[in-house]
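Residue numbers (my numbering): 1 to 413.
Quick reminder that beta carbons are idealized off the backbone N, C-alpha and C, glycines included.
This one's a predicted model, so the numbers in the text were calculated from it and none came from an experiment.
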């Protein structure tokens, strides 16, 4: 594991060097990264094809595959990140304290950010760009299923750093596929890594949270809910629910459990469920709903309310009212993204104020749970922690702060 310690030492040194780099040079590096990606577009697709060919878990193909459209999506994200002003050295607030002390709270970089992730090559580019723009360094440990894709994207970023005379170890990609590397990173690298961000399945996140000696920005699974209230427009509800489930089934913002007010099961619920079935979605329902379909649907078990399918599959449950819907979300949810579809202000307010989600929505597809859609340019992940940062972790969430206190030879009485 000596190599991992060396990576840590290089990151710390790179972070100290990065403090001296003019922000214009950081923006120029991001510009060059975009140019390198576009110039090597076909090579990126070829490297990605190697990963796709070896892929065994076909349900994550949508996450893994890089085509021309997705590469332009990566470029768009980096372009938007580059446009943001420098987030470091900003005065968040200032005031005059007792004894005429001038106190300022100012943004600072975090340091070295370690990201452990699975199957999504775009994470490599997003993390690299976000960390550099916020004057942080990054150590990436991607999943073996995306090895070739991650490597070429990280190599191109390091090339752009070198071109602009910035320490290329501001980004380091761990090429060793040995799983013990993760254990070592979590338990022995606290001297070099300031924050760990896990992005992946429940097993990975649980392991990181259990074993890490380093502060974790948790990205737990996206067990997202929609509650369909009795006061709702049928056509609009169908549109939002179908988009939330079927637009892209493999992303963390995809709908996994639909809760329907029992008073509208016959008037709206049946039509909503039929529209899901017609769209190719497998539905798993409770007994009350199944009776309306002559018991021809698959009956839900307790495990289904806890399952993130990441597939064209959806659990559907009838609830008495908005209170019961909130109770279900709190019991089974993962504090990711939960939504109410309703035209009732009182019920909407109750839902939004009482769910414990990092993102609470009203009449919106849960697939908008995304840093890019929030105007962040990109995200390092969606934090389901109760402590900040919460929700999409973008540029401004990758900063810490310190207090600057000034006075005129002030002593405390």
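Terminal residues of the alpha helix (DSSP H) in which residue i lies
i: residue 304; result: Residue 304 -> no alpha helix (DSSP H), and no H or E assigned at all.
i: residue 117; result: Note, residue 117: premise wrong, no alpha helix (DSSP H); beta strand (DSSP E) at 112-117.
i: residue 181; result: 180-188
i: residue 45; result: 41-54
i: residue 101; result: Neither: residue 101 is in no alpha helix (DSSP H) and is coded neither H nor E.
i: residue 250; result: Looking at the DSSP string, residue 250 is not in any alpha helix (DSSP H), and its letter there is neither H nor E.
i: residue 15; result: 2-18
i: residue 60; result: It is not in any alpha helix (DSSP H) - residue 60 carries neither H nor E in the DSSP assignment.
i: residue 160; result: 147-163
Pair within 9 Å by beta-carbon distance, residue i and residue j
i: residue 71; j: residue 30; result: no
i: residue 333; j: residue 185; result: no
i: residue 195; j: residue 217; result: yes
i: residue 400; j: residue 121; result: no
i: residue 115; j: residue 139; result: yes
i: residue 289; j: residue 250; result: no
i: residue 67; j: residue 45; result: yes
i: residue 134; j: residue 87; result: yes
i: residue 96; j: residue 229; result: no
i: residue 131; j: residue 330; result: no
i: residue 339; j: residue 360; result: yes
i: residue 128; j: residue 64; result: no
i: residue 320; j: residue 262; result: yes
i: residue 357; j: residue 227; result: no
i: residue 310; j: residue 254; result: yes
i: residue 242; j: residue 275; result: yes
Exposure of residue i, with buried meaning 16 or more beta-carbon neighbours within 10 Å
i: residue 336; result: buried
i: residue 153; result: buried
i: residue 405; result: exposed
i: residue 403; result: exposed
i: residue 220; result: buried
i: residue 305; result: buried
i: residue 415; result: Since the displayed the chain opens at 1 and closes at 413, residue 415 lies outside it and no answer follows.
i: residue 145; result: buried
i: residue 149; result: buried
i: residue 323; result: exposed
i: residue 47; result: buried
i: residue 265; result: buried
i: residue 136; result: buried
i: residue 408; result: exposed
i: residue 92; result: exposed
i: residue 158; result: buried
i: residue 175; result: exposed
i: residue 169; result: buried
i: residue 299; result: exposed
i: residue 377; result: buried
i: residue 387; result: exposed
i: residue 392; result: buried
Terminal residues of the beta strand (DSSP E) in which residue i lies
i: residue 172; result: 171-173
i: residue 227; result: 224-228
i: residue 337; result: 337-341
i: residue 283; result: 282-285
i: residue 93; result: 91-96
i: residue 360; result: 359-362
Counterpart residues of residue i in DSSP-defined beta bridges
i: residue 319; result: 261
i: residue 137; result: 112
i: residue 401; result: 107
i: residue 314; result: 283
i: residue 407; result: For residue 407, which the question treats as bridged, DSSP gives no partner whatsoever.
i: residue 298; result: 284
i: residue 391; result: 383
Collapsed DSSP secondary structure at residue i in the structure displayed
i: residue 195; result: strand
i: residue 436; result: Since the displayed the chain opens at 1 and closes at 413, residue 436 lies outside it and no answer follows.
i: residue 396; result: helix
i: residue 212; result: coil
i: residue 365; result: coil
i: residue 380; result: coil
i: residue 231; result: coil
i: residue 201; result: coil
i: residue 220; result: coil
i: residue 256; result: strand
i: residue 269; result: helix
i: residue 73; result: helix
i: residue 35; result: helix
i: residue 177; result: coil
i: residue 127; result: helix
i: residue 278; result: helix
i: residue 334; result: coil
i: residue 87; result: coil
The ligand COA heavy atom lying under 8 Å from the CB of residue i
i: residue 26; result: Of ligands this structure carries none, so the ligand COA is not represented either.
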